[in-house]
Structure formats: C-alpha cells, structure tokens
Amino acid sequence: YLAPELAPVISLSDIDLRRYTSSDLECEDLGDGRSAWTISPVESDFQITTDRRVPRLGIMLVGLGGNNGSTLVGGVVANREGITWKTKEGMRAPNYFGSLTQSSTCRVGSFNGQEVFTPFKTLLPMVDPNDIVFDGWDISGMNLADAMERAKVFDWDLQRQLAPHMKNIKPRPGIHDPNFIAANQSARADNCFKGSKKEQMARIRADIREFKEKHALGKVIVLWTANTERYSEVLVGLNDNEKSLRSSVDSNEQEISPSTLYALACVDEGVPFINGSPQNTFVPGLIDAAVRLNTLIGGDDFKSGQTKMKSVLVDFLVGAGIKPTSIVSYNHLGNNDGMNLSSPDCFRSKEISKSNVVDDVVNSNHLLFRQGEHPDHVVVIKYVPYVGDSKRAMDEYTSEIFMGGTNTIVMHNTCEDSLLAAPLILDMCLIAELSTRIKIKGPRDTQLRALHPVSSLLSYLTKAPLVPAGTPVVNALNKQRAMLENIFRACIGLAPENNMLLEHK
C-alpha cells in the first residue's frame with residue numbers, strides 16, 4: 009500500500025487517479041561544430057488513471073495448435089489444476105518461470121537498510137493467468153492433446169495427465185494462404201476456411217464475437233503465434249494507408265497477408281492484436297486504422313533466447329567502451345517453426361527482426377562508431393529435425409579493445425523454444441490487457457486519453473519493437489524493462505527507480 013502523502017490519489021469507485029511529475033533534460037545544440045550542448049532540466053505534470061477492475065479475459069491464439077499454443081495452454085492448465093508429474097530427476101510442480109509478470113520482482117524501497125522487493129504482478133491489478141479462457145485458430149485441426157504430443161515439449165507423465173483437459177479443445181478453422189508461408193506447411197493444412205479476403209475478415213470477427221459471448225468475457229486479446237510469413241510488399245495504392253488497404257481487401261488483392269487480415273479484423277472489432285512473428289503484419293494502412301479506431305496493436309516477434317542475450321551483451325560491451333565489430337549468430341532447430349523457416353522468403357522475415365536488435369545501442373556511442381558505421385552482423389538459421397523444440401544458438405562476438413587488441417566471446421545457448429516463448433505470450437497478453445485500463449493526461453492533452461494504440465510497452469518482449477511514429481526504438485533489454493517497470497510505478501505514484509542509493513554514498 010502506498011502512503012497517500014507520497015502521491016495524491018482520488019478514488020472514484022474503482023478508478024485511481026495519480027498525479028505524477030516527469031523530469032527530463034532538454035538539449036540545445038550550440039551550433040559551433042564542437043558537439044557542444046546546452047542542457048536544461050524540464051518537468052512535465054501528468055495525470056494517470058488506472059481502472060482497477062480486472063475483467064474476465066479470453067485469449068485467442070492464431071496458431072493455437074502449434075508448439076507455442078499447446079505449450080501455453082497446457083502450462084496454464086497444469087498451474088490451474090495443480091498437476092505434478094514424475095521425471096527421471098524426480099517430481100516436478102507447475103510454475104510460471106520465465107514470465108516477467110508472474111515470476112519477477114521490483115524494488116519499491118528500503119527498510120532498516122535492506123531493499124524491499126514486491127512481485128511485479130502486485131504493482132497493478134492484473135488478470136490471474138489461471139482464470140484465462142483460451143480459444144483460437146489453426147490450419148491444422150488436431151485437438152490440443154494430440155498437438156501437445158506432436159510438439160514433444162512436455163514430459164510424458166505431464167502430457168498423460170493434461171490430455172483429458174485438452175482433448176476437447178479444437179482450433180477453429182484458420183486462413184491458409186500458401187503464397188505467404190513455406191510449401192512444406194500444406195501437409196498440415198486440413199482445417200481451413202475459404203472465401204474472399206473480405207469474407208475471411210468477417211469470419212474472424214464473427215469467431216471473436218461468438219467466443220466472447222459464449223464465455224461471458226469482459227475482454228479478448230488476439231495474438232499471432234502461427235507460422236512466420238514472408239514480408240508483404242508495401243506499395244502505394246495497395247496498403248500504404250487505411251483507404252488503400254481496405255480497398256485492397258474489398259478487391260481481394262493477393263498481397264494482403266493472412267496476418268494482416270486477422271489484425272485488421274481485430275482492429276475493427278476493437279480487440280487488441282499482438283504479432284509474435286517477424287513478418288510486417290502491421291503495414292502502414294493497418295497502423296493508420298488502429299490509430300484512428302484507437303485499438304491496441306503490438307509486436308513484433310517474441311524475444312526469448314538468442315536475441316535477448318544479444319540485446320544484453322551488446323549493451324554491456326558498448327556501455328563499457330568496447331567496440332563490437334563482428335556478430336555472427338547461428339541457429340538450428342527442428343520444430344515446425346524451423347521447418348517453415350527453411351523457406352528463404354520466410355527466413356528473410358526472421359533475419360530482419362534478428363539483425364536490427366543492436367542498432368540503437370550502436371547509435372548511442374559516436375566515440376566507438378562513426379556515423380553510418382555498424383558491426384558486421386550475420387544471422388543463419390538451419391532446420392535440423394532431430395533436435396525438435398530444443399533450439400541450439402551459437403554466437404561469436406568479436407570486439408576491438410585497448411590499443412588495437414581484439415576480444416572474442418563465444419556463446420552456446422540451448423533454448424527450449426516453446427518453454428521460453430509461452431511465458432512471453434502470457435506476459436504480452438496480460439500487459440496489453442492492463443494497458444487498456446490506463447489513461448493519461450499530459451501537458452499537451454485537454455483531457456484524459458488512452459495510451460497510444462501502438463503499444464511500445466511490449467518492447468521488452470519483442471525482437472523488433474513496434475512504436476508510434478516519431479518514437480525512438482529502444483532494443484537494449486535493461487532500458488526496456490526499466491521503462492515498463494517505471495510506467496507501472498508512475499501509475500501508483502512511485503518515482504522512477506534510479507539505483508543511485510545516494511543516501512549510502
């Protein structure tokens with residue numbers, strides 16, 4: 009509980025109103041060619057409201073029957089039902105390890121010289137994962153018990169106990185367009201619906217409404233965890249603005265991808281849509297529609313293993329004054345994601361999202377990198393069926409150090425792909441839902457408004473963060489987490505965490 013004197017609060021039934029002052033520094037270039045600046049402190053007053061009423065939440069996954077979908081649903085069922093299982097190492101109990109919201113903590117102050125931490129999920133009222141209702145679409149009609157067995161992610165004794173809970177969950181028919189994913193996916197495509205693109209959008213919207221009404225849900229979040237698509241072309245008159253995108257859907261243009269159709273259907277339905285894959289689902293026309301209709305969108309591409317390590321390590325190197333000059337990243341995996349990425353066009357989407365993760369860190373240090381200079385950066389992904397969901401990631405970081413020396417760091421990371429991704433899906437949906445209950449009024453606002461529909465709050469969880477136009481893209485992992493934590497702190501009137509501990513200096 010926050011002492012009232014720390015942050016004025018007005019309780020309007022279930023709405024908290026906090027007044028918050030943001031401090032920043034404004035820089036003015038002196039213009040004498042010396043990179044000299046005049047720096048002035050700037051303070052801005054904000055009002056932030058949080059609706060503390062937690063809704064009954066439904067999550068619809070595009071790709072419900074894939075490895076990620078069956079792993080997430082199975083994990084939530086195991087936690088909800090308290091299922092324990094035997095392994096060769098002994099008994100295991102369910103948990104939400106790997107989830108920022110469920111298994112991490114935040115510092116909130118100190119007591120008798122000792123720091124005090126609270127679970128992240130207690131900062132603001134959040135949906136309990138065990139209360140979530142799941143549904144979704146998949147081009148494979150396999151029920152989730154069989155899909156779980158096909159995925160080979162969970163231990164067998166856990167699968168055996170989960171099967172009765174999951175055998176009656178069957179994905180809704182999905183959109184299959186072989187023009188956008190690898191040809192090798194056609195063998196799984198036995199659960200698809202036909203029709204024009206406009207008819208497909210109408211079907212998706214009807215599915216969302218039916219799911220919401222059937223389970224008496226307060227809110228629904230839709231998340232894409234299906235196959236990586238190839239990049240869509242962005243062309244004037246095709247999808248460069250909302251009008252052209254809607255016209256292209258009406259005229260059944262081939263270049264409008266399934267993921268964009270799902271996203272546009274959600275925007276029109278007022279349902280948040282999150283893209284967990286690397287393709288450019290959010291073409292300019294889709295973003296325009298989301299902003300106009302004020303429907304949350306977020307992405308792109310789960311950041312769970314190799315790229316998360318890269319966003320930490322490169323930030324460390326550059327922050328230490330060490331110059332990374334070569335980054336070579338190799339992966340091999342054997343799940344269906346790897347099979348689909350064996351298509352060069354689909355791999356290109358992944359390559360782009362993985363490659364851009366160091367850009368902001370490099371651009372932050374002009375002492376190491378001249379304008380336009382960038383480390384050599386290569387990403388390779390290979391499909392090796394034998395390793396299944398246990399992805400191998402190998403990285404080599406070569407850097408220049410003092411007096412012309414070089415330093416090489418080599419890392420091997422065995423990433424249990426779906427076990428790392430499933431908690432991220434959970435976090436993205438819970439944070440997206442919570443952010444729809446937050447409103448803000450800044451110096452330029454005449455009244456309280458919702459957070460921007462292009463949700464940069466999800467940046468910590470994504471390889472290629474989608475941000476509002478004109479907003480800097482931040483990939484450094486520690487900055488991303490600090491941003492999210494400090495916004496949550498502001499919502500309850502706490503100052504940002506600065507780690508100074510000045511009183512001890």
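Our numbering numbers the first residue of the sequence shown as 9 and each following residue consecutively.
Glycine is no exception: its CB is placed at the ideal position from the N, C-alpha and C atoms.
Run through DSSP, which three-state label would residue i get?
| i | result |
| --- | --- |
| phenylalanine 324 | helix |
| glycine 73 | coil |
| isoleucine 433 | helix |
| glutamate 511 | helix |
| valine 279 | coil |
| phenylalanine 105 | coil |
| arginine 300 | helix |
| lysine 399 | strand |
| leucine 47 | Contrary to the premise, residue 47 reads as isoleucine rather than leucine in this sequence. Three-state DSSP puts isoleucine 47 in a strand. |
| threonine 315 | helix |
| lysine 390 | strand |
| histidine 385 | strand |
| serine 30 | strand |
| serine 78 | helix |
| arginine 168 | helix |
| leucine 375 | coil |
| isoleucine 23 | strand |
| isoleucine 305 | strand |
| isoleucine 140 | coil |
| glutamine 287 | coil |
| glutamate 505 | coil |
Who are residue i's beta bridge partners in DSSP?
| i | result |
| --- | --- |
| lysine 227 | Leu65 |
| threonine 406 | Ser334 and Thr416 |
| methionine 99 | Lys94 |
| proline 181 | Asp146 |
| arginine 115 | Phe125 |
| phenylalanine 162 | Paired residues: none, contrary to the question. |
| glutamate 36 | Thr46 |
| aspartate 53 | Thr29 |
| threonine 58 | Asp24 and Ile446 |
Between residue i and the rest of its own chain, which residues show a CB-CB distance below 8 Å, the 5 nearest in sequence each way excluded?
| i | result |
| --- | --- |
| serine 204 | Asn260 |
| alanine 44 | Asp37 and Leu38 |
| valine 257 | Lys205, Lys206, Met209, Ile264, Leu269 and Leu272 |
| aspartate 367 | His382, Val481 and Asn483 |
| proline 102 | Gly83, Ala86, Asn87, Gly90, Ile91 and Thr92 |
| leucine 33 | Ile47, Ser48, Pro49 and Val50 |
Let me make sure I understand the geometry here. Which of the options has the alpha-carbon closest to that of residue i?
| i | options | result |
| --- | --- | --- |
| asparagine 514 | Phe324, Leu231 and Leu269 | The question about residue 514 has no answer here: the residues shown for the chain are numbered 9 through 513. |
| asparagine 415 | Val365, Lys390 and Ile330 | Ile330 |
| glycine 412 | Leu427, Asn138, Leu376 and Thr46 | Leu376 |
| valine 62 | Pro476, Glu441 and Ala503 | Glu441 |
| valine 141 | Val84, Ala153 and Ala472 | Val84 |
| isoleucine 417 | Tyr405, Met491, Leu428 and Gly182 | Tyr405 |
| threonine 506 | Asn151, Pro179, Ser31 and Leu25 | The sequence given here has asparagine at residue 506, not threonine. Minimum Cα distance to asparagine 506 is reached at Ser31. |
| asparagine 235 | Met174, Cys354, Pro473 and Pro49 | Cys354 |
| isoleucine 433 | Val388, Tyr239, Ala190 and Ser78 | Ser78 |
| serine 319 | Met156, Lys487 and Gly74 | Lys487 |
| asparagine 187 | Gln262, Ala503, Gly226 and Cys274 | Gln262 |
| histidine 420 | Gln167, Gly313 and Asp163 | Gly313 |
| cysteine 274 | Ser255, Ser256, Ala298 and Ala190 | Ala298 |
| lysine 513 | Val475, Gly121, Pro504 and Leu131 | Gly121 |
| serine 267 | Thr315, Lys222, Val135 and Asp185 | Asp185 |
| phenylalanine 201 | Ile212, Ala191 and Gln193 | Ile212 |
| glycine 346 | Ile389, Gln379, His374 and Ile335 | Ile389 |
| threonine 303 | Asp276, Ala195, Asn339 and Arg445 | Asp276 |
| asparagine 348 | Asn373, Ile189, Ile335 and Ile495 | Ile189 |
Who are the near neighbours of residue i in its chain, counting only those whose CB is closer than 7 Å to its CB and skipping five residues on each side?
| i | result |
| --- | --- |
| glutamate 408 | Lys331, Thr333 and Thr414 |
| glycine 117 | Val124 |
| threonine 479 | Ser464 |
| threonine 233 | Leu69, Val70, Gly71, Gly74, Asn76, Gly77, Gly284 and Ile433 |
| valine 17 | Any reading at valine 17 needs caution, since the residue's pLDDT is 46, under 50, leaving its predicted position unreliable; the model's value is listed next. Excluding positions up to five away in sequence, the list reads Asp24, Leu25, Arg26 and Gly501. |
| threonine 126 | Thr113, Cys114 and Val116 |
| lysine 220 | Gly66 and Val228 |
Tell me which same chain residues have a C-beta within less than 6 Å of the C-beta of residue i, skipping the five on either side of it?
| i | result |
| --- | --- |
| aspartate 296 | Asn249 and Glu250 |
| tyrosine 9 | Its pLDDT being 42, under 50, tyrosine 9 is placed unreliably by the model, and the measurement read from it follows with that caveat. Nothing meets the Cβ criterion. |
| alanine 171 | Ala153 |
| valine 369 | Val322, Asp323, Val326 and Ala484 |
| asparagine 176 | none |
| glycine 98 | none |
| lysine 449 | Gln55 and Leu456 |
| arginine 100 | Trp93 |
Next on the checklist: Threshold first: 3 residues or longer. Then list the beta strand (DSSP E) segments lying entirely within the region 188-240, N to C.
Outcome noted: 227-232
Item to check | Residue ranges of each alpha helix (DSSP H) within the region 324-355, 4 or longer | outcome: 344-349
Checklist entry - Going along the chain, which unbroken runs of the beta strand (DSSP E) with 3 or more residues stay wholly within the region 418-502? => result 446-449
Checklist entry - Of all the beta strand (DSSP E) runs that stay within the bounds of the region 243-269, which reach a length of 3 or more residues? => result none
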